[in-house]
Amino acid sequence: MKNPNPPPPHPAAAGKPPPSAMALPRKSRWGPPPPGAAPAGDKAAASTSARTPTPTHAADSRRHQAPPGPAPRNPASPAAALRPPQAHPAAETPPPPAYGFQNLDRRTMLLADGTVRTYFALPPDYPFDTAPLPPLPQHLLPRAGPDLWPPHQPPPPQMPMPMHMPPHKAKRRHPADQDDGFARHPKQPRHDAPHLTPQLPPHAAVDRHALRGAFLKYAKMLNESSEQRRSYLEGRRVPCLACGRDFADAHGLVMHAYNPPNSDSLVDHLGLHKALCVLMGWDYTKIPENSKGYQSLSADLVRASREDLIVWPPTVIIHNTATGRKKDGRSEGLGNKDMDKKIAELGFSGGKSRSLYGKEGHLGLTLVKFANNTAGLKEAERLAEFLERQDHGRIGWSRAHATHSIDSDQNPLLVETDTRTGERKRILYGYLAIASDLDELDSDSRKRAFLKSRREFDPSD
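The numbering of the sequence shown is full-length UniProt numbering, which starts it at 1 and goes up by one.
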């Protein structure tokens with residue numbers, strides 16, 4: 001029986017060329033296109049036209065009216081959120097200023113191994129544009145508060161320990177790990193450490209009232225004798241007024257006073273530490289170290305620390321109250337009543353004068369004491385400020401006293417002539433007595449007086 005669907009005859013048997021022979025020759029990569037082949041652009045256009053339907057007239061008009069540029073982004077589209085935002089043009093950065101290498105000096109330095117290195121540096125007389133700042137007014141100067149002295153290191157902060165900690169478990173071992181042959185000892189359980197209250201250092205736990213009293217006591221002891229004060233200022237061997245030990249200089253004494261060997265005398269030694277720093281002009285709010293960094297303090301703060309300690313009761317020291325000499329050669333001057341009258345003529349009341357005398361007679365020095373209260377202090381300060389405004393204060397007296405070689409009756413800094421009467425009068429100089437003026441007082445006044453801080457009466461502190 002014949003096959004109803006016979007296979008198609010082979011092309012060679014039918015006399016037709018095979019499909020490979022009928023196909024166009026393959027295009028060479030390097031050679032020109034074979035003859036009869038359409039250009040690549042026409043093929044692309046033909047394939048495109050075969051796939052793309054012919055646009056209508058409305059579509060053509062819309063295509064020609066569409067604005068150029070990228071299509072607007074739809075913010076609601078999830079693909080729009082993944083697209084990177086368009087970069088905006090960066091602002092122009094100004095060029096860096098030219099560095100003036102012409103201002104530098106070329107220098108050489110000899111190293112320890114004998115080699116020479118070259119470096120550049122500014123000349124010593126380079127004119128900087130920064131002008132020095134004016135000094136601060138007296139009322140704006142920083143003052144050490146009660147929490148800054150005595151200086152101490154605050155305790156390190158302690159982290160609170162949890163009440164219950166989970167027991168430490170040994171490291172889990174994977175079943176695939178091989179045994180190394182050594183027995184592993186289980187770790188001991190960790191016990192919670194007891195919660196301890198942080199302890200303050202001994203310098204911060206002292207009684208403030210007792211500390212202030214010790215400071216004022218030793219400040220008076222250091223200034224009662226001019227010879228003793230010079231021994232500290234000149235770097236000679238000095239004793240510790242709290243325990244009696246001797247030290248080579250004031251630095252060694254300050255180190256000892258801040259770290260005394262006996263804690264029972266800590267208050268006395270800390271009071272001596274501050275009193276000695278005020279005398280020397282050092283910063284008592286810094287911990288004393290061998291680097292001596294605590295010894296650097298500005299002149300304004302040194303003056304403020306020294307002028308803060310005033311003699312109590314408030315006292316104004318008046319100089320140049322001698323009027324001449326008697327026939328026996330002894331000096332004479334204004335007495336107590338005459339000085340009270342003169343102070344009253346200047347417009348001040350409440351003061352009691354005490355003229356000082358020595359072996360040679362009147363010393364030319366008068367103490368005007370005021371009441372030991374706030375009103376007396378204000379009146380004493382008014383008198384001192386009145387003399388200071390006339391340039392007859394502490395600095396004015398130092399300048400006038402430097403000309404002691406000139407005859408006092410002919411010195412224009414000590415004597416002036418009244419233009420109305422022609423009478424020659426003594427120019428009075430005076431200032432409020434502070435701790436460094438204790439040696440100018442007589443022995444009885446020095447014994448009865450004590451020191452106080454002006455900050456105790458200043459409501460702004």
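Cβ coordinates follow ideal geometry from the N, Cα and C atoms, glycine included.
- Between L216 and L451, the gap from beta carbon to beta carbon is short of 8 Å.
- Within its own chain, the residues whose Cβ lies closer than 6 Å to the Cβ of K220, once the five positions on either side in sequence are excluded, are L451, listed in chain order.
- With respect to D249, P239 sits apart: the two C-beta atoms are not nearer than 8 Å.
- Within the UniProt domain "XS" (307 to 439), complete alpha helix (DSSP H) segments of at least 4 residues are found at 336 to 345, 374 to 389 and 394 to 401, given in chain order.
- DSSP places S453 in the strand class (E or B) of the three-state scheme.
- Measuring C-alpha to C-alpha distances from P123 to each of E379, H251 and R106 identifies R106 as the nearest.
- Measuring C-alpha to C-alpha distances from P314 to each of V415, V302, L377 and K292 identifies L377 as the nearest.
- Exposure of L111 is indicated by the presence of fewer than 16 other C-beta atoms within 10 angstroms of its C-beta.
- Per DSSP, Y119 is one residue of the beta strand (DSSP E) stretching across V116 to A121.
- Within 10 angstroms of the beta-carbon of V116 lie fewer than 16 other beta-carbons, which makes it exposed.
- Between L279 and L346 a beta carbon distance of about 33 Å is seen, past the 8 Å cut, so the two are scored as non-contacting.
- Between D264 and A214, the gap from beta carbon to beta carbon reaches 8 Å or more.
- Annotation for L110: the continuous beta strand (DSSP E) segment containing it runs D105 to L110.
- For G396 and T403, the gap between their C-alpha atoms comes out near 12 Å.
- In this structure the region 365 to 382 touches the region 330 to 348; the number of beta carbon pairs closer than 8 Å is three or more.
- G350 and I434 have their C-alpha atoms spaced approximately 20 Å apart.
- With fewer than 16 other Cβ atoms from the protein chains shown falling within 10 Å of its own Cβ, E227 counts as exposed.
- In terms of CA proximity to A275, Y258 leads the group A322, K359, S291 and Y258.
- Straight-line spacing of the CA atoms in V311 and E388 works out to 18 Å.
- R237 counts as exposed, since fewer than 16 other C-beta atoms from the protein chains shown sit within 10 angstroms of its C-beta.
- According to the DSSP assignment, C243 belongs to no alpha helix (DSSP H), since it is labelled neither H nor E.
- Taking a C-beta distance under 8 Å as the contact criterion, Y218 and G281 do not qualify as a contact pair.
- In the structure shown, the three-state DSSP call for V238 is strand.
- Nearest neighbour of Y119 by Cα position, chosen from M109, L432 and R303, turns out to be M109.
- Bridge partners of F247 according to DSSP: V238.
- Under the three-state reduction of DSSP output, E224 falls in the coil class, being neither helix nor strand.
- The C-beta separation of A322 from G333 comes to about 4 Å, placing the pair in contact by the 8 Å criterion.
- Excluding sequence positions up to five before and after G244, its CB lies less than 8 Å from no other CB in the same chain.
- Judged by beta-carbon spacing, R354 lies beyond the 8 Å limit of N372, meaning their Cβ atoms are not closer than that value.
- DSSP places A205 outside both helix and strand once states are collapsed to three, so it counts as coil.
- The beta-carbon separation of D283 and S453, rounded to 17 Å, does not stay under the 8 Å limit for a contact.
- Minimum Cα-Cα distance from Q102 among the listed residues D113, A121 and G114 corresponds to A121.
- Per the coordinates, the alpha-carbon of A384 lies some 10 Å from the alpha-carbon of Q390.
- The C-alpha of L241 is placed about 10 Å away from the C-alpha of H273.
- In this structure, Y431 keeps its C-beta atom at 8 Å or more from the C-beta atom of N320.
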